[in-house]
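Residue numbers (my numbering): 748 to 1055.
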C-alpha cells in the first residue's frame, strides 16, 4: 500500500507533457538552460504518472498563447484554473520571463515568443518520455487524456491513423477520448483495433442493451503498486458533436456508474485508483467531492495547464 507521503510524491511528479516540452534551443539562448536541465525531475515515490491531453493531432511545435481570461462561475470564481496572467504567476510563484511563464500565461507573449520560439511537438514529448523511462523503466505510466486523433490536416486525411501510429510509437499505456468519436463508430472501432494499448471509456454504453462499448478499467503493476486506471470519455459528446456519428451510444457523467467502478477497483485490490478523464476541470473537481475513493484525477478537455 502507498503511504500518504509516497502518494503526495507521486502526485507531485505528475505533469502535463506538452506544456513542459519547450523549444530547447531557444530556451538555451534565453537563460542558458541546457536540454539536460529541462529533462531533470525529482524521482520520488514508487510510481511516476505521465499525462498529456488535448493534443488535437498537432505533431510539430506551434506558437501557443494561453488565454487572457478564464471565467469561473459561482463557487469556482477566482480558483485555479480560473486565474490568468499576473495573478497566475503570483499564485504559483513563477517569475516573469521564465520558461514557465511563457508556457503557462499570456504575459509578454510577443516578446518571449521571439526568444523561446514554438512549444510542443511530439519529438520533444518523445525525448521527455524517453528520459523519464530511462530513469524509471518499471515505474512509469504514460496516459493519454483524449482529443488526440482529430484536429490537423494529416489526421483528417488519414482518418486518425497517423495519430494512432504516433501513440503506438510513444508507448502509451492507456487513453480515453472525445473528438475521437467524430470519426464515427465504425472508424473508431477500426482505429481501436490498431492500438497497442486499451481505449478506456467507462461511461460509454450501448443504448439498446446498456452494455459497455469499451473497456472501463485497466490494471497495472508498477513499482510494487497495483494501479487501477478508469477511463471517462467526454460526457457531453452527443450534444457537443453530431449525434448521428454515434447514434446508438450513450455517454454522460454517470456518478453512480463511477462509484461502482471505484468499488470494483477496490475489490480487485488496487492500491491506487486513477481517473483518466475528459470531463473538464470543474466537472472533475465536483466529481472528486462526490465520488470517494479516487486517488488521482488526470483531467482534460478544458485545456487548463497548471504547474505540478
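For each residue, glycine too, the CB sits at the ideal point set by N, CA and C.
To the nearest angstrom, report how far apart residue i and residue j are at their CA atoms.
i            : j            : result
residue 1035 : residue 1043 : 9 Å
residue 768  : residue 863  : Below a pLDDT of 50, predicted positions are generally treated as unreliable, and residue 768, at 44, falls in that range; the measurement from the model is reported next regardless. In a straight line, the C-alpha of residue 768 is about 12 Å away from that of residue 863.
residue 816  : residue 809  : 21 Å
residue 842  : residue 796  : 26 Å
residue 773  : residue 791  : Because the pLDDT of residue 773 is 45, which lies under 50, any placement of that residue in the model is unreliable, and the question is left without a value.
residue 994  : residue 844  : 49 Å
residue 834  : residue 782  : 29 Å
residue 871  : residue 1028 : 25 Å
residue 1054 : residue 852  : 11 Å
residue 869  : residue 788  : 19 Å
residue 1020 : residue 854  : 37 Å
residue 1008 : residue 962  : 11 Å
residue 965  : residue 919  : 13 Å
residue 989  : residue 929  : 8 Å
residue 1033 : residue 821  : 13 Å
residue 1017 : residue 793  : 14 Å
residue 890  : residue 880  : 13 Å
residue 998  : residue 840  : 39 Å
residue 1049 : residue 873  : 23 Å
residue 907  : residue 786  : 30 Å
residue 860  : residue 892  : 27 Å
Give me the residue from the options with the minimum Cα distance to residue i.
i            : options               : result
residue 1004 : 982, 995, 988         : 982
residue 973  : 1014, 910, 911        : 1014
residue 932  : 889, 844, 952, 786    : 952
residue 939  : 895, 818, 970, 986    : 895
residue 927  : 1037, 980, 968        : 980
residue 978  : 929, 945, 903         : 945
residue 985  : 788, 884, 861, 925    : 925
residue 884  : 865, 800, 876         : 876
residue 800  : 822, 1026, 1038       : 1026
residue 904  : 917, 853, 820, 804    : 804
residue 867  : 785, 806, 786         : 806
residue 1010 : 934, 987, 975         : 975
residue 1024 : 1033, 880, 1047, 1017 : 1047
residue 922  : 785, 930, 948, 929    : 948
residue 917  : 839, 971, 887, 812    : 887
residue 1038 : 1052, 1022, 1049      : 1022
residue 829  : 950, 956, 819, 837    : 819
residue 943  : 910, 861, 814         : 910
residue 1002 : 987, 899, 1040, 991   : 1040
residue 802  : 954, 827, 902, 832    : 902
residue 950  : 838, 1006, 813        : 1006
residue 960  : 996, 968, 934         : 996
DSSP state of residue i, grouped into three classes?
i            : result
residue 967  : strand
residue 986  : helix
residue 933  : helix
residue 770  : Annotation note: pLDDT 45 at residue 770 (below 50); position unreliable, no value reported.
residue 1009 : helix
residue 958  : coil
residue 805  : coil
residue 1036 : helix
residue 787  : coil
residue 979  : strand
residue 819  : coil
residue 1015 : coil
residue 793  : coil
residue 1051 : coil
residue 810  : coil
residue 938  : helix
residue 1026 : coil
residue 826  : coil
residue 1004 : helix
What residues are listed by DSSP as bridge partners for residue i?
i            : result
residue 946  : 922
residue 891  : 799, 922
residue 997  : 952
residue 973  : 968
residue 1043 : 1021
Does any C-beta atom of chain D lie closer than 9 Å to the C-beta of residue i?
i           : result
residue 818 : In summary, chain D is missing from the structure at hand, where a single protein chain is found.
For the segment 833-914, which segments carrying the alpha helix (DSSP H) assignment without a break, of at least 4 residues, lie completely within its bounds, in sequence order?
Entirely contained in the segment 833-914, the alpha helix (DSSP H) runs reaching 4 residues are, in chain order, 846-851, 856-863, 869-882, 900-905.
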